[in-house]
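Student: One structure, pasted below without further comment.
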Amino acid sequence: TAGNASGINDGAAALVVASENGLKKLSARPLARVVSYATTGVDPAIMGMGPVDAIRKALERANLKAADLDLIELNEAFAAQSLAVVRELGLDASRINVNGGAIALGHPIGASGARILTTLVYAMQDRGARYGAASLCVGGGMGTAMIVEGV
721 TAGNASGIND GAAALVVASE NGLKKLSARP LARVVSYATT GVDPAIMGMG
771 PVDAIRKALE RANLKAADLD LIELNEAFAA QSLAVVRELG LDASRINVNG
821 GAIALGHPIG ASGARILTTL VYAMQDRGAR YGAASLCVGG GMGTAMIVEG
871 V
């Protein structure tokens, strides 16, 4: 319902993803290091659960456990959807969307992934966090996740 869904907002975002050589060419300092990522699919009837498998696969690829994550940014398409992901993965709610999620900040559809990752990386810097996960459910049954390490 509208009462527990994220508002759709206007927004734009851009991220620079670069190798070490690329950083040197740009004379840039990284904000985080990509450790792993995964995109998975679930039955479209349970599309909001897409992040569960994506986070599990990204954690496996990173040789980490959910307990190793200091912070997690989950796209809150709906409050119940986000809570279901948290429950299914056994995540510590105090580590999730620490500056507010899409219900509070909005959901600029095409820019949400970049917004979530950027919010995560800056929250990690503010708190001295080592590992973080950013994840989204995607209409049609997809889920995507990225594990990053603070630098």
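With positions in the sequence shown counted from 1, the corresponding number in the working numbering is that position plus 720.
Where a beta carbon is used, it is the ideal one built from N, C-alpha and C, also for glycine.
For the alpha helix (DSSP H) that residue 778 lies in, which residues bound it at each end?
Tutor: Taken as a continuous stretch (DSSP letters only), the alpha helix (DSSP H) holding residue 778 covers 770–782.
Student: Taking 7 Å as the cut-off, decide whether the C-beta atoms of residue 786 and residue 803 are in contact.
Tutor: No; because the gap between Cβ atoms is not below 7 Å, this pair is not in contact.
Student: Would you mind reading off the limits of the alpha helix (DSSP H) that contains residue 728?
Tutor: Run containing residue 728: none; DSSP gives neither H nor E here.
Student: If I measure Cβ to Cβ from residue 858 and keep anything under 8 Å in the same chain, skipping five residues before and after, which residues do I get?
Tutor: Correct list, in chain order: 767, 770, 864.
Student: Name the DSSP beta bridge partners of residue 844, please?
Tutor: Answer is none; residue 844 lacks a bridge partner.
Student: To the nearest angstrom, how far is the alpha carbon of residue 733 from that of residue 821?
Tutor: Rounded to whole angstroms, residue 733 to residue 821 spans 16 Å at the Cα level.
Student: For residue 869, which residues from the same chain have a beta carbon less than 7 Å from its beta carbon, with the 5 sequence-adjacent residues on both sides left out?
Tutor: Counting only Cβ-Cβ distances below 7 Å, and skipping sequence neighbours, we find 752, 753, 755, 850, 851.
Student: Is it true that the CB of residue 843 sits closer than 7 Å to the CB of residue 806?
Tutor: In this structure, residue 843 does not lie closer than 7 Å to residue 806 by Cβ.
Student: Write down every uninterrupted run of the alpha helix (DSSP H) in the stretch 778–832 whose length is 4 residues or greater and which is fully enclosed by it, in chain order.
Tutor: Qualifying alpha helix (DSSP H) stretches, in chain order: 799–809, 822–825.
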